[in-house]
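Numbering (my numbering), first residue to last: -4 to 109.
Below, the structure written as structure tokens:
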């Protein structure tokens, strides 16, 4: 057996409702910006994950295809962001129902503005 000391990463952080609200507002702001200005202005400034999430919200399959992303990859990436490491794993095992429901509420809020 190795004498190497085990690394402790500490207790995984569990996002709060305030964290999810902030993420919601961030994605809504980005989606509004794309609607107003198009992708060219914003896409170079954002991470691929942010672009994929906004494209998913807007139903932009062309951008998702360019990024080699799908609904499943976007939802899988955001499951832990929304529910923490353990909660995200549980949501993935449950078919991402919680993450999909969260994105549906964001999409409805965006649709109500249109």
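We put the CB at the ideal spot given by N, CA and C, even for glycine. Values in this document were obtained by computation on a predicted structure and should not be read as measured data.
Would you give the residue range spanned by the alpha helix (DSSP H) that residue 79 belongs to? What you label residue 79 is simply residue 84 of the chain shown in a count that begins at 1. Per DSSP, residue 79 belongs to the alpha helix (DSSP H) from 66 to 88.
Is residue 30 buried or exposed, if buried means 16 or more other CB atoms sit within 10 Å of its CB? Along the chain shown, read from residue 1 onward, the residue named residue 30 stands at position 35. Counting the other Cβ atoms within 10 Å of the Cβ of residue 30 gives fewer than 16, which makes it exposed.
Rounded straight-line distance, which links the Cα of residue 54 to that of residue 44: The count along the chain shown starts at 1 and reaches residue 44 at position 49. The count along the chain shown starts at 1 and reaches residue 54 at position 59. Straight-line Cα distance between these residues: approximately 15 angstroms.
How many angstroms separate the CA atom of residue 93 from the CA atom of residue 11? Numbered from 1 along the chain shown, position 98 holds the residue referred to as residue 93. Numbered from 1 along the chain shown, position 16 holds the residue referred to as residue 11. Using only the alpha carbons, I get a separation of about 15 angstroms.
The region 68 to 76 / the region 86 to 103 touching (three or more Cβ pairs under 8 angstroms): Contact annotation: the region 68 to 76 touches the region 86 to 103, with at least three C-beta pairs closer than 8 angstroms.
Which residues in the same chain have their Cβ closer than 7 angstroms to the Cβ of residue 66, if we skip the five residues on either side of it in sequence? By one-based count along the chain shown, residue 66 stands at place 71. So the qualifying residues of the chain are 51.
Using the Cβ count rule (16 or more neighbours within 10 Å means buried), how would you classify residue 47? Within the chain shown, numbered from 1, the residue matching residue 47 stands at position 52. Buried.
What separation, rounded to the nearest whole angstrom, lies between the Cα atoms of residue 14 and residue 40? Residue numbering aside, residue 14 sits at position 19 when the chain shown is read from its first letter. Residue numbering aside, residue 40 sits at position 45 when the chain shown is read from its first letter. Cα to Cα, residue 14 sits roughly 22 angstroms from residue 40.
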